[in-house]
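Visitor: In the numbering used here, the protein residues as written are 151 to 402. Don't be surprised by glycine CBs; every beta carbon is placed ideally from N, CA and C. Sharing a structure below in structure tokens format, with a few things to ask.
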Ligand SMILES: NC(=O)c1ccc[n+]([C@@H]2O[C@H](COP(=O)([O-])OP(=O)(O)OC[C@H]3O[C@@H](n4cnc5c(N)ncnc54)[C@H](OP(=O)(O)O)[C@@H]3O)[C@@H](O)[C@H]2O)c1
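Dropping the structure here:
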């Protein structure tokens with residue numbers, strides 16, 4: 151894929167919305183979009199979004215994705231402030247690490263609300279804006295846990311990611327007739343707040359995690375993942391829609 155036209159500003163003028171923008175991958179997505187010439191709306195919970203180290207030009211919108219009104223508000227606020235929307239990245243998520251038999255109702259509700267219901271509402275609210283966008287695309291950030299159930303007790307999280315993978319395929323079919331591409335992307339292990347709830351031998355730098363890579367080397371930094379994600383979401387992404395792009399480099 152060509153990536154260095156227009157002095158590397160291959161998102162020039164495009165309007166990008168990123169959820170979970172104060173997190174590990176989210177910060178990298180916002181920085182990369184800004185670097186490549188996009189106008190960016192960064193969302194997350196207050197106070198994290200207020201204190202996050204983000205490019206000065208990025209618009210910050212505080213929203214709690216457990217609140218449906220906040221999900222809708224953040225889309226309209228972003229579209230109003232950016233003058234429309236071209237790329238939406240549903241990146242925010244929350245992880246519960248507990249044996250299946252210990253899961254409580256609140257665990258199930260939290261992962262459902264943040265990881266699946268919020269992307270549903272954000273896609274629906276973004277649709278009219280994306281219909282008027284340039285090479286419009288939605289990226290749903292998922293996980294291999296949504297395919298294989300996870301390598302730790304993360305069944306509730308995996309269940310929501312599985313739902314998002316299938317939902318992406320269904321929505322891609324419906325939105326495709328409006329010229330909107332929708333794909334899911336499964337990143338490799340990223341050292342982030344989310345991973346702190348996992349057992350320590352699943353930290354990114356451990357031999358166990360490195361050995362899971364078919365390439366036998368550590369995952370690339372979030373900046374590299376963000377670049378690939380946004381390049382695929384841009385017009386350079388061509389026919390990529392419906393599918394899950396798996397960057398985990400695992401062989402299962
Ligand atoms: N880390 C990994 O190894 C890994 C592997 C596979 C897939 N993923 C996926 O990659 C994506 C990014 O994860 P990450 O590693 O960057 O995790 P992270 O640093 O923990 O970031 C997650 C983000 O989600 C936001 N979030 C959680 N609950 C929210 C709520 N109720 N309302 C609004 N925002 C909320 C957090 O916002 P606050 O900053 O306000 O808390 C945070 O910015 C996720 O979809 C994750 O499932 C990660």
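Put residue 241 into one of helix, strand or coil per three-state DSSP.
Guide: Per DSSP, reduced to three states, the secondary structure at residue 241 is coil, with no helix or strand assignment.
Visitor: CB-CB under 7 angstroms to residue 180, same chain, minus the five flanking residues each way: which ones, in chain order?
Guide: 168, 171, 190, 192, 204, 205, 208
Visitor: Write down every uninterrupted run of the alpha helix (DSSP H) in the region 311–398 whose length is 4 residues or greater and which is fully enclosed by it, in chain order.
Guide: 357–362, 372–383
Visitor: Tell me whether residue 267 sits in a helix, a strand or coil according to DSSP, three-state version.
Guide: Of the three classes helix, strand and coil, the one that applies to residue 267 here is helix, per DSSP.
Visitor: Taking only three categories from DSSP, how would you classify residue 166?
Guide: If DSSP states are grouped into helix, strand and coil, residue 166 belongs with the strands.
Visitor: Nearest to residue 227 by CA position, among 265, 250, 279, 356, is which residue?
Guide: 279
Visitor: On the premise that residue 348 lies in contact with residue 310, defined as a C-beta separation below 8 angstroms, what is that separation, rounded to the nearest angstrom?
Guide: Contact doesn't hold; Cβ gap of about 16 angstroms is too wide.
Visitor: From residue 375 to residue 241, what does the alpha carbon distance come to, in whole angstroms?
Guide: 12 angstroms
Visitor: Span of the alpha helix (DSSP H) holding residue 177?
Guide: 174–185
Visitor: Please state the DSSP three-state secondary structure of residue 308.
Guide: Three-state DSSP puts residue 308 in a helix.
Visitor: Which term fits residue 123, buried or exposed, when burial requires 16 or more other beta carbons within 10 angstroms of its beta carbon?
Guide: What the structure shows of the chain is the stretch from 151 to 402, and residue 123 is not part of that stretch, so it cannot be assessed.
Visitor: Output the distance between the C-alpha atoms of residue 151 and residue 336, rounded to the nearest integer angstrom.
Guide: In this prediction, residue 151 scores a pLDDT of 43, lower than 50, which makes its location untrustworthy; the coordinate-derived value is nonetheless stated afterwards. Spanning the alpha carbons of residue 151 and residue 336 requires a straight line of approximately 19 angstroms.
Visitor: Name the residue from 356, 391, 246 whose alpha carbon lies nearest to the alpha carbon of residue 329.
Guide: 391
Visitor: Determine the contact status of residue 387 and residue 285, defining contact as a CB-CB distance below 9 angstroms.
Guide: yes
Visitor: Within its chain, find whatever has a CB closer than 7 angstroms to the CB of residue 198; leave out the 5 residues flanking it on each side and keep chain order.
Guide: 172
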